[in-house]
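Following the numbering used here, the numbering of the sequence shown begins with 696 at its first residue and continues without gaps.
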Amino acid sequence: VTASTEGDQNYSPTSVSTNVEIMKTEVGIEMNNKSTPFNGAPVNIEPPVTEPTNLSLDITYIGIGETNYPESATAPTYGGTYLVKASFDGNNNYFQAQAIANLTITNAGMPTLALDNKIVSYNGKPQDIGDVRISPEYAEYLPVTYMYSNANYPATETPPTNAGVYNVTATTPADENFKMAWVTATLTINKAEQNLSFPELGTRKVEEGEFKPQISIDSELPLTYSSGNTKVATVTDDGTIVMHKSGTVT
């Protein structure tokens, strides 16, 4: 910086110079810790406050402790504890600066599970109870385990086949975002109806000796036969009718 005068009739011109050093300014960054429950969406730290204002900061997140999350500019979504760094690279006028804070995404508690009772008829195949409904929507990623049981059916994940009433428990596991949850319902497998076809036997002659009517059933259960009057006719185990004398028999 130079100060000078041109002089006049009484004074000669003169000047004087000196150096002024303009120092870089320190930067202040203030960033607060944050804790919030898991909600299925990325969680950003609250915007840091800088002095001077409106400085451009680089913000990164990295998992700490048991939280595995490589350092990234992308805000995390899942439960855990994260170290957040807000950095200013500095320029001709301001020094570099950095602030750190902790971001904690806490467990959201138990999701809500809903499972309806179900009634079906025996069909010879395993029958499950159907799908559990999970809320909130961002908990739907959780795997579900179904256990079936009753007094004669030890607890298993295999859906039952035989007729009966079964207790069903649907469970979602605990993880970093949710606690374990469960819901119970009842699966009822009713006995199936059987259709038995027995043709009219009409009138027969004793001289014919025996005959076997075409009897059919739509299940695989064995048939048993009996005669209402064994003096007139008897029935063998395979359904053959053996006639002995004239008469009427059921």
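Glycine residues also receive a C-beta, built at the ideal position from the N, C-alpha and C atoms.
Along the chain, which unbroken stretches of the beta strand (DSSP E) at least 3 residues long are found entirely within the region 737–821?
Listed in chain order, they are 744–746, 753–758, 775–783, 792–801, 807–809, 813–816.
Can you tell me whether V711 is helix, strand or coil according to DSSP?
For the purposes of this step, residue 711 is identified with residue 16 of the sequence shown, where counting begins at 1. In the structure shown, V711 adopts extended strand secondary structure according to DSSP, grouped into three states.
Minimum C-alpha distance to N788 - residue among Y764, P747, Y773, T864:
Numbered from its first residue, the sequence shown carries residue 788 at position 93. Answer by Cα proximity: P747.
Who does R828 pair with in a DSSP beta bridge?
In the sequence shown, residue 828 corresponds to position 133, counting from 1. Paired residues: A809.
If we ignore side chains and look at the alpha-carbon of each, how far apart do I759 and N797 end up?
To locate residue 759, count along the sequence shown from 1; it is residue 64. To locate residue 797, count along the sequence shown from 1; it is residue 102. Answer to the nearest angstrom: the Cα atoms are 9 Å apart.
Which of helix, strand or coil DSSP assigns to E721
Along the sequence shown, one-based indexing puts residue 721 at 26. Coil at E721, not helix or strand.
Determine the closest residue to T713 out of A698, M726, N727, with distance taken between C-alpha atoms.
Walking along the sequence shown from the start, residue 713 turns up at place 18. It is A698.
Whole angstroms is fine: what's the gap from M842's alpha carbon to D826's?
Along the sequence shown, read from residue 1 onward, the residue named residue 842 stands at position 147. Along the sequence shown, read from residue 1 onward, the residue named residue 826 stands at position 131. Spanning the two alpha carbons is a distance of roughly 13 Å.
So what does DSSP say about V901, is it helix, strand or coil?
Counted from its first residue, the sequence shown places residue 901 at position 206. Note: V901 maps to helix in three-state DSSP.
Residue burial classification, P806 (beta-carbon count within 10 angstroms, cutoff 16):
Along the sequence shown, read from residue 1 onward, the residue named residue 806 stands at position 111. It is buried - the Cβ of P806 has at least 16 other Cβ atoms within 10 Å.
State the Cα-Cα distance for the pair T943 and V863, rounded to the nearest angstrom.
Position 248 of the sequence shown, counted from the first residue, corresponds to residue 943. Position 168 of the sequence shown, counted from the first residue, corresponds to residue 863. When rounded, the distance between both Cα atoms is 54 Å.
Can you tell me where the beta strand (DSSP E) with M985 in it begins and where it stops?
Any property of residue 985 remains undetermined from this structure, which presents the chain solely from 696 to 945.
Just to confirm, are K780 and Q793 a CB contact at a threshold of 8 Å?
The residue labelled residue 780 in the question sits at position 85 within the sequence shown. The residue labelled residue 793 in the question sits at position 98 within the sequence shown. Yes, the pair counts as a contact, with Cβ atoms nearer than the cut-off.
At least 3 beta-carbon pairs within less than 8 Å: the region 899–907 vs the region 928–943
At 8 Å Cβ cutoff, the stretches touch.
Tell me whether the beta-carbon of T745 lies closer than 8 Å to the beta-carbon of G723.
Translated into the one-based positions of the sequence shown, residue 745 becomes position 50. Translated into the one-based positions of the sequence shown, residue 723 becomes position 28. Between T745 and G723, the C-beta gap is smaller than 8 Å, which places the two residues in contact.
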